[in-house]
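Using numbering that gives the first Met the number 0, the first residue of the sequence shown is number 0, and each one after it goes up by one. Below is one structure, written out as structure tokens; comments come after it.
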Amino acid sequence: MDRSEARKFFSNQVVMAPMATGGNLPYRRLCRQFGAVRTCSEMILAHKLVKGGERPLLRHHPDETDFGVQITGKRPEIMAEAAVIAVEHGAKFIDLNFGCPIDLIVRYGSGAAMLKRPGPLAAIVAAVRQVVDVPLSVKLRLGYTEDKINCVKIAGLVEDAGADAVSIHGRTRAQRYRKNARWDHIDEVAQAVEIPVIGNGDLLTPWDLRRRRSETAVSSFLVARGALIKPWIFKEFLEDAPWDPSVAERWAILRQFVDFGSEHFGDDEKGMGRVRRFFLWHWDFWYRHRPWTEADFQKQHPDSLIQARFDDVEGEADLVLLASPEPEDHERIWRRVLDRDYPTV
Ligand SMILES: Cc1cc2nc3c(=O)[nH]c(=O)nc-3n(C[C@H](O)[C@H](O)[C@H](O)COP(=O)(O)O)c2cc1C
């Protein structure tokens, strides 16, 4: 593949970030319907993939036309082998994860631990580049700790090693999710390299996106928690306008997720058990949706609304129910979603 074509593949778009659990196949399909054209697998451990494990994570739906696979690891030859397996299973692009902050991964020397070893990190990129022709992106954080921010340097090495794009989550490993994402650092990377830079961190409303588009040289964006709170965020970003679905529309979206889930996992007892577990997991995010306005955005500025407290909701009973953080309410919603006679209008 022509490398300029591969760069184009990553340019000028808003895409769904790779997410463990949250990026399950039924949920990706739901986001795809709302305009998330490019979707990605959950993070896959390269050493497990080459031993024949992790195969379910390679599965994707035919609707996912631009589905890619994210792998993590610390050994170039294993990462290269894993990338080849992913492409053989239909990955349209490969993403290398050097940002995962989870203790288990970092202790093993993978994910964000690689930020401390720029040379070996670039060697992994070069090894993968040698064996796959599909578009190749690399996901980084700003650095390991705040006093060791090295994303500009690493992005340059990654570019030289043959990556077609670099995604930057604007926090360090040590920060996890504390503090705002630092878009000034992401912008520095965008100014420094030729390959597309995909900015990531705290995008929740059309105004967040507008602000980052106008204040930085970044033209592609990754959305994670925003997409978990509202799968229709991609529609909002495409149309550059907020969308507050009615209660009836929200019930329909929930039913759609359950339908996609039962199609994927099966509609027998075991399959529906899994759909239910995912459905309840998603409520940690779904209940946080509020019909935020531009005035709310301005009031919260310069923090993103994703850092805001979630106000109580008043109004019709179902609206209040859908905003509840209580697990027993989420169970009630699950039962209602299964009850096809439950009125939605
Ligand atoms: C539930 C969850 C799972 C995640 N799993 C992954 C993962 O597997 N691979 C990865 O690179 N990042 C993962 N991330 C990080 C996101 O891709 C993203 O970099 C981060 O959440 C910042 O973006 P946001 O502010 O839009 O949430 C995960 C985030 C969340 C919330």
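Quick reminder that beta carbons are idealized off the backbone N, C-alpha and C, glycines included.
A distance below 6 Å between beta-carbons, with the five flanking residues on each side excluded, links L48 to the following residues of its chain, in chain order: A81, I84. Relative to ligand 1, even the nearest heavy atom lies 7 Å or more away from the CB of V13.
Here N11 is exposed. Its C-beta has fewer than 16 other C-beta atoms within 10 Å. Look at K138: its beta carbon is less than 7 Å from one of the heavy atoms in ligand 1. Residues whose Cβ lies closer than 7 Å to any heavy atom of ligand 1, listed in chain order: A16, P17, M18, A19, T20, G21, G22, E41, M42, Q69, N96, G98, C99, K138, H168, A180, N199, G200, D201, L202, L221, V222, A223, R224, G225, L227, I305.
For the options A226, L103, R31, Y286, the alpha carbon positioned closest to that of L320 is the one of Y286.
Relative to P205, the option among I197, P195, W231, A189 whose CA is nearest is W231. Ranking F309, A307, D328 by CA distance to the CA of A316 puts D328 first. N23 is not bridged by DSSP to any residue. With 16 or more other Cβ atoms inside 10 Å of its own Cβ, L141 counts as buried. Of all C-beta pairs linking the segment 31-39 to the segment 232-241, three or more are shorter than 8 Å, placing the two stretches in contact.
The beta carbons of V137 and V157 sit closer together than 8 Å. Taking C-beta atoms under 8 Å as the contact rule, A154 and V192 qualify, at a distance of about 5 Å.
When C-beta atoms of the segment 51-66 are compared with those of the segment 297-307, fewer than three pairs fall below 8 Å, so the two segments do not count as touching. Judged by DSSP secondary structure, F284 falls within the alpha helix (DSSP H) whose first and last residues are 268-285. Shown here for M15: same chain residues with a beta carbon closer than 6 Å to its own, the five before and five after excluded, namely C30, A35, T38, A226 in chain order. Assigned with DSSP and collapsed to three states, D159 falls in helix. Nearest C-alpha to Y176 among D183, N199, P55: N199. Taking all protein chains shown into account, M42 has 16 or more neighbouring C-beta atoms within 10 Å of its C-beta and is therefore buried. Between the alpha carbons of A111 and A189 lies a distance of about 20 Å.
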